[in-house]
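See structure below.
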Amino acid sequence: MSKTSITYLEAIRLAQQKALAEDPRVFIYGQDIGGFGGAFKATKNLAKEFPGRVLDAPISEDAMVGLAIGAAVEGMRPIVEMQFADFSTCGFNQIVNQAATLHYRTGTPCPIVVRLPSGGTPGSGPFHSQSMEAIYAHYPGIVVMTPATVEDAYTMLLEAVALDDPVIFCEHKFLYYHLKAEKLPGEALPFGKARITRPGRDATVVAYGAMVHEAVAAAEELSHDGYDIEVVDLRTVRPIDTDTILASVARTGRLLVVGESWPWGGVAAEVISRVATEGFGLLDAPPQRLNAKETPVPYHPALWGTHRPTASSVANSLRQLLEL
Amino acid sequence: MTKSSTAAPEAKGAKGGKKKTAPSAPKGKGTVGTPGATVSKELARRAYRSMLEARLLEEKLAALYRSGKIVGGVFLGRGQEALSVALGVHLRRGDVYAPLIRDQAGRLAFGDTILDTLRTYLGSSLGSMRGRDGNIHRGRPSEGYHAMISHLGAMVSTVCGGLMAKRFRGETGAVGATCIGEGGTSTGSFHEGMNMAAVEKLPLVVVVANNQFSYSTPNDRQFACGDLMARAEGYGVTGRRAVGNDLVDCLAVLGEAVAAARAGKGPQLVVADLLRLVGHGEHDDASYIPSALKKSPLGRDCLEIARESLLEHEWLTAKEAADWHAAVEKEVEETASKVLREPAPDPSEEDWNAFSALGRNGEEAR
Numbered sequence: 001m002s003k004t005s006i007t008y009l010e011a012i013r014l015a016q017q018k019a020l021a022e023d024p025r026v027f028i029y030g031q032d033i034g035g036f037g038g039a040f041k042a043t044k045n046l047a048k049e050f051p052g053r054v055l056d057a058p059i060s061e062d063a064m065v066g067l068a069i070g071a072a073v074e075g076m077r078p079i080v081e082m083q084f085a086d087f088s089t090c091g092f093n094q095i096v097n098q099a100a101t102l103h104y105r106t107g108t109p110c111p112i113v114v115r116l117p118s119g120g121t122p123g124s125g126p127f128h129s130q131s132m133e134a135i136y137a138h139y140p141g142i143v144v145m146t147p148a149t150v151e152d153a154y155t156m157l158l159e160a161v162a163l164d165d166p167v168i169f170c171e172h173k174f175l176y177y178h179l180k181a182e183k184l185p186g187e188a189l190p191f192g193k194a195r196i197t198r199p200g201r202d203a204t205v206v207a208y209g210a211m212v213h214e215a216v217a218a219a220e221e222l223s224h225d226g227y228d229i230e231v232v233d234l235r236t237v238r239p240i241d242t243d244t245i246l247a248s249v250a251r252t253g254r255l256l257v258v259g260e261s262w263p264w265g266g267v268a269a270e271v272i273s274r275v276a277t278e279g280f281g282l283l284d285a286p287p288q289r290l291n292a293k294e295t296p297v298p299y300h301p302a303l304w305g306t307h308r309p310t311a312s313s314v315a316n317s318l319r320q321l322l323e324l
Numbered sequence: 325m326t327k328s329s330t331a332a333p334e335a336k337g338a339k340g341g342k343k344k345t346a347p348s349a350p351k352g353k354g355t356v357g358t359p360g361a362t363v364s365k366e367l368a369r370r371a372y373r374s375m376l377e378a379r380l381l382e383e384k385l386a387a388l389y390r391s392g393k394i395v396g397g398v399f400l401g402r403g404q405e406a407l408s409v410a411l412g413v414h415l416r417r418g419d420v421y422a423p424l425i426r427d428q429a430g431r432l433a434f435g436d437t438i439l440d441t442l443r444t445y446l447g448s449s450l451g452s453m454r455g456r457d458g459n460i461h462r463g464r465p466s467e468g469y470h471a472m473i474s475h476l477g478a479m480v481s482t483v484c485g486g487l488m489a490k491r492f493r494g495e496t497g498a499v500g501a502t503c504i505g506e507g508g509t510s511t512g513s514f515h516e517g518m519n520m521a522a523v524e525k526l527p528l529v530v531v532v533a534n535n536q537f538s539y540s541t542p543n544d545r546q547f548a549c550g551d552l553m554a555r556a557e558g559y560g561v562t563g564r565r566a567v568g569n570d571l572v573d574c575l576a577v578l579g580e581a582v583a584a585a586r587a588g589k590g591p592q593l594v595v596a597d598l599l600r601l602v603g604h605g606e607h608d609d610a611s612y613i614p615s616a617l618k619k620s621p622l623g624r625d626c627l628e629i630a631r632e633s634l635l636e637h638e639w640l641t642a643k644e645a646a647d648w649h650a651a652v653e654k655e656v657e658e659t660a661s662k663v664l665r666e667p668a669p670d671p672s673e674e675d676w677n678a679f680s681a682l683g684r685n686g687e688e689a690r
């Protein structure tokens, strides 16, 4: 990799390197992350560079998060790497019942970061493809980040480490290798602020993670038909930047929310609920959502490619929305 | 079955405890760690005092529950005070302690107070939990005193984390300790935490109070390994056995376990048989516990055994015992009266914010 081409994955590695270098309270704990450098190499060479601070964990997601919580209580800034977001369910109890409740119950903050390599890639199947953001965002006390760009992956991970609250960091595996930036950013949008990725006036697409890129591609496609589509990247799904969403809908009057995870009780449902309750008068058409199909994530690329929203299905949904 | 499994071939139970009451607990035959060597008069007196406080405080809690002053539940440690206090009294400031449901005695020995216990049970806004959590879910994590969650086994790895933090900072000499029942050893969390502690060779002491019933479920429906201490070998940690209702024996065994952990000898699993002399909570009449078991040596009240033992050792006089009883009773009554007059949490003043660094809508508070 050349220095002028930093991947999303490398940005995550570099953010961890910076956090380890600048803050002695930071350590990383996860399966195969030491000498091996992680299943995706997000910690490549870090164990060598920071001896004793990048530690292999047993296959014990519950205990991995429990250890992070206990260390955070004693003043550390742990980063836990789940090998895949899907396996975080095995640590679910510690995340939602201990990390999320700790400050409210006891007044002691719980500054942990749990990195979730999230979302689908071709051939990964039901247990290596899930998007868990809605489940964790459901619980008060947890911050859920879903970076969609190389720059955000870098700056938001550093923000996550600095934050005094538990953070579920949903880094998207589909973006790991193919998304590249020329250089790391010097500054970032404020924490919790959504980004207008592509300004427009005819309809708003709210998306996050890998779906931002599908939405932008769909918007490009519709631009050939003369439509001007605005794309809003949530960046964090909790807290959610309702103001930016409402301001966008005020400009366009039409809303499509795209999520890679399932629709039932999800982030798209939450966005539509907020716009319907707080911005009903801004809408010129019923708000729409596009999510994954309601089955487990299928293995075969032909099935997977239809299971998840794509530029093509987003464009179709937009065309329907524009005719409503 | 080995009585002291794996690594450290040390004494498992103290020799010479006056009452080896638990029938299923083999008498320790170790050559070190006799009570005289490891249990001092001062230690035994402190432990007995905390046991007494726990017992009388819990009797008050039960009365407050029956009179409708405490909502939710009341979960008592009657019959388990000796084992509980034996851990708490061996810990010191700087250690990490995550007590469980029946550890009122250990909590008081570690530094929790009658006042904060009553405030938490009664939901006083002045208590450490401020009405946000109640009863046994009480602690001050930033002071090394964790507030358990109800999900059993979860605190094992949490305590490991506290110990890892100290290791990262180069602090030595501290131990971590947590307690669990025999039922809690069936959880995945317990297993993961024990295994992790062993892999990291952490100075962790885990005390298993085998009170024969997990709520109502008897041990033959809970585990099939015969002796829970056999698990120590499987985890690669030191196993030790204490007679759960014998204070002097518990003090000796826990003293050895804590000292071994402190000395860098790795995790210690202490298993003790005993019987809870109350229901799971005050709502439970424990009718599932056979009366024969209640009448067996296992059902003997640890507080009575402790009192007799201290009197026999001449570590306590009968007059002192009576004076302590009266003093503790008075303190409990006076504290309860005070706390009953304290303000309940006011929903209109509650910030309703689960975040620490953020406002309740997620806005940055800093």
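Chains as they are written, first to last, in our numbering: chain A, 1 to 324; chain B, 325 to 690. Quick reminder that beta carbons are idealized off the backbone N, C-alpha and C, glycines included.
Residue i versus residue j: straight-line alpha-carbon distance, rounded
i	j	result
residue 422 (chain B)	residue 485 (chain B)	12 Å
residue 17 (chain A)	residue 183 (chain A)	16 Å
residue 281 (chain A)	residue 249 (chain A)	10 Å
residue 523 (chain B)	residue 285 (chain A)	59 Å
residue 687 (chain B)	residue 243 (chain A)	12 Å
residue 73 (chain A)	residue 373 (chain B)	30 Å
residue 295 (chain A)	residue 261 (chain A)	10 Å
residue 387 (chain B)	residue 566 (chain B)	32 Å
residue 146 (chain A)	residue 384 (chain B)	51 Å
residue 519 (chain B)	residue 31 (chain A)	14 Å
residue 400 (chain B)	residue 426 (chain B)	6 Å
residue 320 (chain A)	residue 237 (chain A)	26 Å
residue 218 (chain A)	residue 225 (chain A)	11 Å
residue 542 (chain B)	residue 234 (chain A)	52 Å
residue 6 (chain A)	residue 33 (chain A)	20 Å
Per-residue DSSP class, three states only, for residue i
i	result
residue 351 (chain B)	Residue placement at residue 351 (chain B) is poorly supported in this model, since its pLDDT is 37, which falls under 50; the coordinates still yield a value, given next. Correct three-state label for residue 351 (chain B): coil.
residue 89 (chain A)	helix
residue 57 (chain A)	coil
residue 334 (chain B)	Low per-residue confidence applies at residue 334 (chain B): pLDDT is 39, beneath 50, and the placement is therefore not dependable, though the value from the model is reported in the following sentence. Correct three-state label for residue 334 (chain B): coil.
residue 272 (chain A)	helix
residue 438 (chain B)	helix
residue 245 (chain A)	helix
residue 607 (chain B)	coil
residue 419 (chain B)	coil
residue 537 (chain B)	strand
residue 322 (chain A)	helix
residue 156 (chain A)	helix
residue 546 (chain B)	coil
residue 43 (chain A)	coil
residue 118 (chain A)	strand
residue 484 (chain B)	helix
residue 239 (chain A)	coil
7 Å Cβ cut-off: residues of chain B touching residue i
i	result
residue 27 (chain A)	492
residue 42 (chain A)	Going along chain B, no residue has its Cβ under 7 Å from residue 42 (chain A), so there is no contact; the nearest lies around 21 Å.
residue 104 (chain A)	456 and 678
residue 85 (chain A)	Near residue 85 (chain A) there are no residues of chain B at all, since even the closest Cβ is about 19 Å away, more than 7 Å.
residue 76 (chain A)	489 and 492
Nearest neighbour of residue i, chosen from the options [CA to CA]
i	options	result
residue 362 (chain B)	B:580, B:672 and B:384	B:580
residue 563 (chain B)	B:388, B:550, B:577 and B:376	B:577
residue 428 (chain B)	B:479, B:634, B:394 and B:410	B:410
residue 264 (chain A)	A:275, A:253 and A:290	A:290
residue 436 (chain B)	B:445, B:462 and B:458	B:462
residue 603 (chain B)	B:540, B:653 and B:644	B:540
residue 136 (chain A)	A:193, A:71, A:49 and A:101	A:101
residue 494 (chain B)	A:6, A:53, A:304 and A:11	A:53
Range of the contiguous beta strand (DSSP E) that encloses residue i
i	result
residue 289 (chain A)	288 to 290
residue 127 (chain A)	Run containing residue 127 (chain A): none; DSSP gives neither H nor E here.
residue 679 (chain B)	It is not in any beta strand (DSSP E) - residue 679 (chain B) carries neither H nor E in the DSSP assignment.
residue 170 (chain A)	167 to 172
Where residue i meets chain B, residues with beta-carbon distance less than 8 Å
i	result
residue 58 (chain A)	516, 519, 520 and 523
Proximal chain B residues relative to residue i, where beta-carbon distance stays under 9 Å
i	result
residue 98 (chain A)	473, 475, 478, 479 and 482
Cross-chain neighbours of residue i in chain A, by beta carbon under 7 Å
i	result
residue 423 (chain B)	The contacting residues do not exist; residue 423 (chain B) stays about 14 Å from chain A at best.
residue 505 (chain B)	Those do not exist, as residue 505 (chain B) stays about 18 Å from chain A at its closest Cβ, beyond 7 Å.
First and last residue of the uninterrupted alpha helix (DSSP H) at residue i
i	result
residue 629 (chain B)	626 to 636
residue 12 (chain A)	8 to 22
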